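Enquirer: Protein sequences, first through last, are from chains U and D. If you're matching positions, the first sequence starts at 0 in numbering that gives the first Met the number 0 and goes up one per residue. If you're matching positions, the second sequence starts at 0 in numbering that gives the first Met the number 0 and goes up one per residue.
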Amino acid sequence: MTQSILTDIKKAAKKSLKAREDELANTQKQLEILSGDLFANGELPFFKDKIAASGQFPLKPKKLEVLQINVGYMCNQVCAHCHVDAGPDRQEIMTRETMQQCLEVIRNTGAHTLDLTGGAPEMNPDFRWFVEEASKAGIQDFIVRSNLTIIMANKKYHDLPEFFKKHNVHVVSSMPHYTRGKTDKQRGDGVFYKSIKALQMLNQVGYGMPNSDLRLDLVYNPSGAFLPTDQSAMERDFKKALKEDFDIDFHNLFAITNLPISRFLDYLIASDNYEDYMYSLVEAYNPAAVENVMCTNTISVSWDGWLYDCDFNQMLDLKVASKVKHIKDYNDDVLSNREIIISQHCYGCTAGAGSSCQGTVA
Amino acid sequence: MANSYYDPADLRKFGNITEWSEELGKKFFDYYGKVFEEGALSAREKSLIALAVAHVVKCPYCIDAYTKDGLQRGITKEEMMEAVHAGAAIESGASLVHGVQMMNKYDKLSM
């Protein structure tokens with residue numbers, strides 16, 4: 000990639016695609032690209048045909064285990080790979096009324112995991128109220144996906160580690176690499192040291208320490224047009240480097256594949272990597288990963304209460320194929336009969352050892 | 000036919016060599032896969048060795064493949080460049096050590 004393309008992408012990445020009025024902010028346009036010539040000409044197989052070949056079409060949900068709620072697209076960062084197209088300019092924020100509807104479901108669902116995401120979920124003005132209420136529901140595993148730098152972004156967030164501890168929240172945080180260069184390139188200048196500081200603050204209150212019940216896991220996304228490899232080897236490298244260089248402890252590393260949608264798709268096209276990336280995903284297709292792909296045990300809820308098979312389908316505006324489409328009408332039985340909506344971005348979750356919000360699946 | 004000896008897209012077709020000689024192709028890829036598994040050396044270390052050798056044998060396909068492999072393994076660009084230098088140092092050393100032969104011959108022929 001030439002330096003000028005890199006500079007352009009970096010400059011552009013200070014705003015969301017939506018704020019830039021980029022054509023890729025239109026989800027229909029993204030879906031057209033994902034079904035474009037590369038697949039339509041038969042060069043690569045459509046995801047549907049690929050899973051049909053291993054007898055796995057149509058994809059149907061299994062027992063609901065994870066309720067993932069996106070409380071808004073506002074974020075203090077504008078990461079180059081963000082599939083949410085999140086940023087400070089995004090105004091979509093979940094209201095307390097929608098949160099009430101979510102709580103109703105949280106209290107009655109059999110899901111063992113509640114997973115709050117964003118944007119930076121902490122930027123929702125009702126975030127703390129929601130966490131307090133949700134933590135009373137007795138869910139086994141209560142995850143908040145925190146980008147780390149939010150803890151350092153403003154004084155009012157400095158006590159988040161204590162707040163998370165009080166409500167026994169499981170913190171899952173993004174950390175693209177254990178060196179500064181790669182982290183800042185993907186997530187913005189200064190992000191690395193702020194993230195390090197935030198991890199140290201979490202360690203201080205007990206998060207991530209060996210034998211601690213306060214779970215702190217890290218998420219690794221590749222910072223470029225390549226796939227993650229061996230999650231356990233990466234975890235070993237991260238643990239060694241973060242301990243030696245910064246005395247940081249954490250529990251597990253989740254390696255997550257970047258899906259070719261939104262800002263990452265924009266990057267792939269601008270850097271002339273789209274075709275190669277799709278080849279890599281298709282070549283790495285693993286039917287065993289399809290078996291446990293996260294859309295089969297997850298429901299994703301958007302800031303305005305709509306239901307999706309996963310967070311990626313949410314960002315492509317592909318609502319569940321069910322009579323029940325909104326959290327206010329939530330019904331386990333009706334939803335469990337749906338077919339999961341798929342397109343070529345799904346190859347991202349079935350490559351290699353598979354990928355989900357909880358890391359590898361195969 | 001392509002009008003160039005090297006086409007990046009050909010790397011994807013590497014597996015096709017098996018079509019014209021199934022037995023040998025299969026044996027090669029089994030061997031290749033086994034070599035790069037975790038062993039007494041980690042897969043990460045072997046990836047860096049492969050990158051260094053790729054430069055010494057000047058194989059553009061291998062350079063593409065092992066740069067990408069290194070990125071996937073979280074190998075840094077500093078580590079990659081050091082590996083390339085290790086390969087280059089051996090390669091230039093291999094030329095220079097022949098300088099001893101030149102010196103020997105020179106001395107033998109000179110009065």
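Where is the CB? At the ideal position from N, CA and C, for every residue including glycine. Predicted, not measured: the structure shown is a model, and the values here were computed from it.
Mind reading off the beta-carbon distance from residue 228 of chain U to residue 289 of chain U? Whole number of angstroms is fine, and I expect it under 8 Å.
Expert: Translated into the one-based positions of the first sequence, residue 228 of chain U becomes position 229. Translated into the one-based positions of the first sequence, residue 289 of chain U becomes position 290. Incorrect: roughly 19 Å between the Cβ atoms, too far for contact.
Enquirer: Could you compute how far the alpha carbon of residue 271 of chain U sits from the alpha carbon of residue 81 of chain D?
Expert: Stepping through the first sequence from its first residue, residue 271 of chain U is reached at position 272. Stepping through the second sequence from its first residue, residue 81 of chain D is reached at position 82. C-alpha separation (whole angstroms): 28 Å.
Enquirer: Under 7 Å between C-beta atoms, does residue 47 of chain D make it to chain U?
Expert: As a first step, residue 47 of chain D must be located in the second sequence, where it is residue number 48. Judged by the 7 Å Cβ criterion, residue 47 of chain D is not in contact with chain U.
Enquirer: Using the Cα positions of residue 2 of chain D and residue 275 of chain U, report the straight-line distance between them to the nearest angstrom.
Expert: Looking up residue 2 of chain D in the second sequence gives position 3. Looking up residue 275 of chain U in the first sequence gives position 276. Distance between the alpha carbons of residue 2 of chain D and residue 275 of chain U is about 21 Å.
Enquirer: If you run the structure through DSSP and keep just helix, strand and coil, what is residue 24 of chain U?
Expert: Within the first sequence, the letter at position 25 stands for residue 24 of chain U. DSSP places residue 24 of chain U in helix when its eight states are reduced to three.
Enquirer: Roughly how many angstroms separate the alpha carbons of residue 32 of chain U and residue 97 of chain U, rounded to a whole number?
Expert: Taking the first residue of the first sequence as 1, we reach residue 32 of chain U at position 33. Taking the first residue of the first sequence as 1, we reach residue 97 of chain U at position 98. Each residue's Cα considered, the two are about 33 Å apart.
Enquirer: Based on DSSP bridge pairs, tell me the residues matched to residue 67 of chain U.
Expert: Locating residue 67 of chain U in the first sequence gives position 68, counting from the first residue. Bridge partners of residue 67 of chain U: U:114 and U:299.
Enquirer: In whole angstroms, what separates the C-alpha of residue 99 of chain U from that of residue 183 of chain U?
Expert: Taking the first residue of the first sequence as 1, we reach residue 99 of chain U at position 100. Taking the first residue of the first sequence as 1, we reach residue 183 of chain U at position 184. About 37 Å.
Enquirer: Which residue comes first and which comes last in the beta strand (DSSP E) that contains residue 254 of chain U?
Expert: By one-based count along the first sequence, residue 254 of chain U stands at place 255. Taken as a continuous stretch (DSSP letters only), the beta strand (DSSP E) holding residue 254 of chain U covers 252 to 254.
Enquirer: Kindly indicate which three-state DSSP category residue 65 of chain D falls into: helix, strand or coil?
Expert: Along the second sequence, one-based indexing puts residue 65 of chain D at 66. Note: residue 65 of chain D maps to helix in three-state DSSP.
Enquirer: Tell me the rounded alpha-carbon separation between residue 207 of chain U and residue 247 of chain U.
Expert: Within the first sequence, numbered from 1, the residue matching residue 207 of chain U stands at position 208. Within the first sequence, numbered from 1, the residue matching residue 247 of chain U stands at position 248. Taking the straight line joining both Cα atoms gives about 8 Å.
Enquirer: List, in chain order, every chain D residue whose beta-carbon is nearer than 8 Å to that of residue 223 of chain U.
Expert: By 1-based counting over the first sequence, the position of residue 223 of chain U is 224. 70, listed in chain order.
Enquirer: With a threshold of 7 Å between beta-carbons, can residue 107 of chain D be considered close to chain U, or not?
Expert: The residue you call residue 107 of chain D lines up with position 108 of the second sequence. Residue 107 of chain D does not count as touching chain U.
Enquirer: Determine, using beta carbons only, whether residue 257 of chain U and residue 80 of chain U come nearer to each other than 7 Å.
Expert: Position 258 of the first sequence, counted from the start, is the residue given in the question as residue 257 of chain U. Position 81 of the first sequence, counted from the start, is the residue given in the question as residue 80 of chain U. Closer than 7 Å, so yes.
Enquirer: Within the same chain, show all residues whose beta-carbon is closer than 8 Å to that of residue 278 of chain U, passing over the 5 residues directly before and after it, in chain order.
Expert: Along the first sequence, read from residue 1 onward, the residue named residue 278 of chain U stands at position 279. The residues are 43.
Enquirer: Over the uninterrupted alpha helix (DSSP H) stretch that includes residue 262 of chain U, give me the two end residues.
Expert: One-based indexing of the first sequence puts residue 262 of chain U at position 263. Residues 261 to 269.
Enquirer: Would you decide whether residue 101 of chain D is buried or exposed? Buried here means 16 or more other CB atoms lie within 10 Å of its CB.
Expert: Taking the second sequence and counting its residues from 1, the one referred to as residue 101 of chain D is at position 102. The residue in question, residue 101 of chain D, is exposed, as its Cβ has fewer than 16 Cβ neighbours within 10 Å.
Enquirer: Can you list the residues of chain D that residue 362 of chain U reaches, using a CB-CB cut of under 7 Å?
Expert: Residue 362 of chain U lies beyond the stretch modelled for chain U, which goes from 0 to 361, so this question has no answer here.
Enquirer: Counting only C-beta atoms, is residue 93 of chain U closer than 7 Å to chain D at any point?
Expert: Counting from 1 along the first sequence, the entry for residue 93 of chain U is found at position 94. Chain D, which has no Cβ nearer than 7 Å to the Cβ of residue 93 of chain U, makes this no.
Enquirer: In chain order, what residues of the same chain have a beta carbon less than 8 Å from the beta carbon of residue 17 of chain U, not counting five sequence neighbours either side?
Expert: For the purposes of this step, residue 17 of chain U is identified with residue 18 of the first sequence, where counting begins at 1. 24, 84, 88 and 89.
Enquirer: So residue 221 of chain U and residue 347 of chain U are supposed to be a Cβ contact under 8 Å. How far apart are they, rounded?
Expert: Within the first sequence, the letter at position 222 stands for residue 221 of chain U. Within the first sequence, the letter at position 348 stands for residue 347 of chain U. That pair is no contact at about 11 Å.
Enquirer: Under 7 Å Cβ-Cβ, which residues of chain D neighbour residue 328 of chain U?
Expert: Working through the first sequence from its first residue, we reach residue 328 of chain U at position 329. Ordered by position in chain D, no residue passes the 7 Å Cβ test against residue 328 of chain U, which lies about 43 Å from the chain.
Enquirer: Who are the neighbours of residue 42 of chain D on chain U, taking C-beta pairs under 9 Å?
Expert: As a position in the second sequence, residue 42 of chain D is number 43, starting the count at 1. Correct list: 228, 229 and 232.
Enquirer: Under three-state DSSP, which class holds residue 144 of chain U?
Expert: The residue given as residue 144 of chain U occupies position 145 in the first sequence. If DSSP states are grouped into helix, strand and coil, residue 144 of chain U belongs with the strands.
Enquirer: Take residue 319 of chain U and list the residues in its own chain whose beta-carbon comes closer than 7 Å to its own, dropping the five residues that flank it on each side.
Expert: Taking the first sequence and counting its residues from 1, one reaches residue 319 of chain U at position 320. Excluding sequence neighbours, residue 319 of chain U sits near 306, 307, 308, 334 and 337.
Enquirer: Quick check: the region 40 to 49 of chain D against the region 77 to 96 of chain D, are there 3 or more CB pairs under 8 Å?
Expert: The region 40 to 49 of chain D vs the region 77 to 96 of chain D: in contact.
Enquirer: Starting from the beta carbon of residue 236 of chain U, find every residue of chain D whose beta carbon is closer than 7 Å, and list them in chain order.
Expert: As a first step, residue 236 of chain U must be located in the first sequence, where it is residue number 237. Residues of chain D passing the Cβ test: 73.
Enquirer: Can you tell me whether residue 35 of chain U is helix, strand or coil according to DSSP?
Expert: On the first sequence, residue 35 of chain U is found 36 positions in, with the first residue counted as 1. Looking at residue 35 of chain U - three-state DSSP - the assignment turns out to be coil, as it is neither helix nor strand.
Enquirer: Determine the contact status of residue 53 of chain U and residue 286 of chain U, defining contact as a CB-CB distance below 7 Å.
Expert: Taking the first residue of the first sequence as position 1, residue 53 of chain U is located at position 54. Taking the first residue of the first sequence as position 1, residue 286 of chain U is located at position 287. It is a contact, given that the beta carbons lie within the stated cut-off.
Enquirer: Along the region 56 to 68 of chain D, where does the CB come closer than 7 Å to a CB of chain U? Name the residues.
Expert: Listed in sequence order: 67.
Enquirer: Where does residue 122 of chain D fall in DSSP's three states?
Expert: Only positions 0 to 110 of chain D appear in this structure, which leaves residue 122 of chain D out of reach.
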